[in-house]
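S.K.: Attaching a single structure in structure tokens format; questions to follow.
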Amino acid sequence: MGSVSTRASRLDEMEESESVIWSSDDGKSNDVSTDAEENYFSSDVNDESLNTVASLETAIEQVKALVLETEGVSDERKKLVKRLIELRLKLQDVKDVTNDLPPDADILRIVNSHQFILQKQPLHRTAQYCDKCSGVIWTILQSWYRCKGCYYQCHAKCLNQIVRVCQFLKVGNETDFIYNICPEVGLAAQSYKCAECRVHFTLKNGWMEPRKCDYDGLYYCPTCHKNAALSVPARIIHNWDFDEKPVCEASRQFLVLMARKPNVNLEKLNPKLFYFVEELNTVKRLREEIIIMKEYFMTCREAINQKLLRLLEERQHFVENSSMYSLQDLIDINNSSLIRFLDKTHATFLKHIKEDCTTCRGKGFICEICENIEVIFPFDSATHQCPSCHAVFHNICFAKRDQCPKCLRLSQRKNAQK
Ligand SMILES: [Zn+2]
Ligand SMILES: [Zn+2]
Ligand SMILES: [Zn+2]
Ligand SMILES: [Zn+2]
Ligand SMILES: [Zn+2]
Ligand SMILES: [Zn+2]
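Numbers 1 to 418, taken from full-length UniProt numbering, label the letters of the sequence shown in order.
Put into structure tokens, the structure is as follows:
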């Protein structure tokens with residue numbers, strides 16, 4: 001159990017020797033990064049032998065016993081307590097995952113919160129590559145794993161060297177994108193090391209090309225940054241720029257997994273964008289009108305039977321509000337597909353309320369000011385709805401009054417009764 005101190009001294013040795021980054025004396029996990037913020041679990045917890053409920057429970061008992069033996073506030077005790085927490089978290093992870101798995105429990109490995117499943121089907125058509133060592137995975141001959149959350153895949157032999165934390169877990173914990181455009185700190189601030197695997201860019205046997213990730217502004221080695229290109233949220237939100245920029249593999253996974261999460265309050269982040277991009281106003285108007293129409297469908301038996309609201313199933317947040325956008329929404333506004341989708345949905349909803357359904361049509365209004373017989377609705381574009389009595393008027397009719405005529409009538413009646 002004295003592994004904390006021996007590990008620390010081994011890390012010191014490795015820091016001194018630039019060229020030796022991954023060599024390992026015991027073949028076990030050789031994770032260079034030990035900061036808790038960089039790595040959710042210390043390497044000890046990623047020990048290959050600690051992957052079953054039984055082995056973890058034994059380890060927890062052992063650490064508990066050690067905690068009781070150590071002094072009240074010593075560093076050793078703090079480290080043990082940290083390890084105890086990590087082991088308990090991992091035990092919970094293993095329990096969670098094994099619950100949805102067949103009894104054949106050997107197929108699961110948990111590393112850096114990835115939930116790796118042993119892949120049993122050999123793949124013939126497409127070549128598979130290891131996300132750790134970049135080598136080909138010979139799926140017929142070699143054992144390999146794929147994470148069921150983020151799809152990171154690697155050789156079984158590379159499993160214990162993984163540094164990247166599961167981006168699927170990160171997506172669950174993080175609600176915001178980085179909104180600064182490519183926030184670079186520079187190579188010196190990174191100590192000339194890859195931001196993910198910490199490999200030195202200055203190797204004794206040649207210069208390794210550092211690659212900048214446009215999303216987080218950090219530099220990565222070619223294994224951790226494969227020059228994949230994606231539209232970057234900060235450039236979209238500040239410049240309405242959808243050009244695809246090179247991003248590291250972790251950012252690529254993160255952005256792909258985040259793409260459909262409605263986490264961007266665009267009007268709050270950059271209200272001026274609505275002056276420059278006409279499509280945004282169209283989308284905003286359609287969404288606001290759809291939200292009003294939704295209220296009709298909540299109480300209409302016919303609309304419920306026809307499952308009308310399910311037209312918005314793929315963008316559930318459009319039923320809930322009109323202000324939040326997902327990254328994919330913004331990309332689809334730019335390529336016009338979202339406006340086409342909203343136009344079609346809006347037209348279907350409108351037809352139900354105004355033509356097909358007597359219940360919904362019966363909830364329309366007659367403008368009290370002009371008394372025209374045309375039935376109007378709060379989602380019609382040239383109408384105004386009184387926020388207190390909910391009566392609806394034509395915009396031009398209401399503009400001539402300083403008060404809602406219905407509210408005025410109601411208050412006069414009240415006064416007369418006094
Ligand atoms: Zn590999
Ligand atoms: Zn994962
Ligand atoms: Zn790297
Ligand atoms: Zn209806
Ligand atoms: Zn009117
Ligand atoms: Zn009113």
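Even for Gly, the Cβ is constructed at its ideal location relative to N, Cα and C.
Keep in mind that this is a model prediction, so the values were computed, not measured.
(1) When burial is assigned at 16 or more other CB atoms within 10 Å of the CB, is Trp144 buried or exposed?
(2) Regarding Phe377 and ligand 5, is the C-beta to nearest heavy atom distance less than 7 Å?
(3) On the criterion of 16 or more Cβ atoms from any shown chain inside 10 Å, does Ala391 qualify as buried, or is it exposed?
(4) Taking the alpha-carbon positions, what's the Asn335 to Gln403 distance?
(5) Using a threshold of 7 Å, is the CB atom of Cys370 nearer than that to any non-hydrogen atom of ligand 5?
(6) Determine the direct distance from the alpha carbon of Cys154 to that of His114, and round the result to whole angstroms.
(7) Using a Cβ-Cβ cut-off of 7 Å (strictly less than) and excluding sequence neighbours within five positions of Lys170, which residues of its own chain qualify?
(8) According to DSSP, Gln128 sits in a beta bridge with which residue or residues?
(9) Please list the terminal residues of the continuous alpha helix (DSSP H) segment that includes Ser336.
(10) Tell me the rounded alpha-carbon separation between Thr223 and Pro233.
(11) For Asp343, which of Ile290, Lys245, Glu61 has the nearest alpha-carbon?
(12) I'd like the list of long-range same chain contacts for Cys370, defined as Cβ closer than 7 Å, with 5 residues on each side in sequence excluded.
(13) Give the range of the beta strand (DSSP E) segment to which Lys120 is assigned.
(14) Which residues in the same chain as Thr345 place their Cβ atom closer than 6 Å to its Cβ, once the five residues preceding and following it in sequence are excluded?
(15) Cβ of Asn270 within 8 Å of Cβ of Thr175?
(16) Using C-beta distances below 6 Å, list every residue in its chain close to Gln385, excluding the 5 sequence neighbours before and after it, in chain order.
(17) Could you check the C-alpha separation between Lys90 and Ile107 for me, to the nearest Å?
(18) Do Val406 and ligand 6 come close, with the Cβ less than 7 Å from some heavy atom?
(19) Going by the CB atoms, is the gap between Pro246 and Arg211 shorter than 8 Å?
(20) Here's a check: name, in chain order, each residue in its chain whose Cβ is nearer than 6 Å to the Cβ of Leu286, leaving out the five neighbours to either side.
(21) Measuring only the C-alpha atoms, how far is Phe116 from Arg235?
(22) Cβ of Phe393 versus every heavy atom of ligand 5: is any distance shorter than 7 Å?
(23) Assuming the contact rule is C-beta atoms closer than 8 Å, residue 434 and Gly149 should be a hit. Round their C-beta distance to whole Å, please.
(24) Nearest CA to the CA of Glu295: which residue from Lys272, Ile353, Leu280?
(25) Between which two residues does the alpha helix (DSSP H) harbouring Val171 extend?
(26) Is any heavy atom of ligand 6 found at a distance shorter than 7 Å from the C-beta of Cys386?
(27) Inspect the beta-carbon positions of Ala195 and Tyr220 and report whether they are closer than 8 Å.
(28) Please say whether Leu50 and Val63 have beta carbons closer to each other than 8 Å?
(29) For Cys130, which residues from the same chain have a beta carbon less than 8 Å from its beta carbon, with the 5 sequence-adjacent residues on both sides left out?
(30) Comparing alpha-carbon positions, which option in Arg77, Trp207, Glu374 lies nearest Tyr192?
(31) Determine the extent of the beta strand (DSSP E) in which Ala229 is found, giving its start and end residues.
(32) DSSP on Tyr145, reduced to helix/strand/coil?
(33) Tell me whether Arg198 is buried or exposed, calling it buried when 16 or more other Cβ atoms sit within 10 Å of its Cβ.
(34) Following a CB-centred definition, is Cys389 positioned closer than 7 Å to any heavy atom of ligand 5?
(35) DSSP on Thr345, reduced to helix/strand/coil?
(36) Hey, which residues come within less than 5 Å of ligand 4, measuring from Cβ to any heavy atom, in chain order?
M.R.: If we stick to the structure as given:
(1) Flag for Trp144 reads buried.
(2) no
(3) buried
(4) 43 Å
(5) yes
(6) 12 Å
(7) Phe254
(8) Ile137
(9) Premise fails: Ser336 is in no alpha helix (DSSP H) and is neither H nor E.
(10) 24 Å
(11) Ile290
(12) His394, Cys397
(13) Taken as a continuous stretch (DSSP letters only), Lys120 belongs to no beta strand (DSSP E), as it is neither H nor E.
(14) Leu311
(15) no
(16) Pro378, Val392
(17) Cα to Cα, the separation comes out at about 16 Å.
(18) The question names Val, but residue 406 is Lys in the sequence shown. The answer is yes for Lys406.
(19) yes
(20) Leu342, His346
(21) 34 Å
(22) yes
(23) The first residue shown for the chain is 1 and the last is 418, placing residue 434 beyond what the model contains.
(24) Ile353
(25) 167 to 173
(26) For Cys386, the shortest separation between its Cβ and any heavy atom of ligand 6 lies below 7 Å.
(27) Cβ atoms of Ala195 and Tyr220: closer than 8 Å.
(28) Not closer than 8 Å, so no.
(29) Val136, Ile137, Trp144, Gln153, Cys154, His155, Cys158
(30) Trp207
(31) 228 to 231
(32) strand
(33) By the neighbour-count rule (16 or more Cβ atoms within 10 Å), Arg198 is buried.
(34) At a threshold of 7 Å, Cys389 does not count as near ligand 5, since its beta carbon sits no closer than that to any of the ligand's heavy atoms.
(35) helix
(36) Cys300, Glu302, Ala303, Cys357, Thr359, Cys360
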